[in-house]
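> Under full-length UniProt numbering, think of the first position of the sequence shown as 1, with each following residue one higher. All C-beta atoms in this analysis are idealised placements derived from N, C-alpha and C, irrespective of residue type, glycine included.
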Amino acid sequence: MLSSSMDGIQGKPSNEVRATDSQLLNRATNYESRQQKINRLKQQIQSGVYSIQPERLAKAILQSGALQE
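1) In whole angstroms, give me the CA-to-CA distance for T29 and N39.
2) Indicate the three-state DSSP secondary structure (helix, strand or coil) for Y50 in the structure shown.
3) Please work out which residues of its chain come closer than 8 Å, Cβ to Cβ, to R27, disregarding the five sequence neighbours upstream and downstream, and give them in chain order.
Okay, here's the thing in structure tokens:
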């Protein structure tokens, strides 16, 4: 009984694209390295490695048109 219901399932092509173990590992590694880069940038910004120059900030605000009525 069980085998007859299983026969209908077996042999049908799957529309899913299955990733190999190495592809999954690469994706996880890429994601991890991106997260590390993001965290490192966050730390650098918080510690003041990147500073905002007031002149450049003012110029960017004026160019954006945010202050126009």
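Reading it off the structure:
1) Between T29 and N39, the alpha-carbon positions lie close to 15 Å from each other.
2) DSSP, reduced to helix, strand and coil, places Y50 outside both helices and strands of the structure shown, so it counts as coil.
3) Non-local beta-carbon contacts of R27 in its own chain, meaning distances under 8 Å to residues more than five positions away in sequence, involve A19 in chain order.
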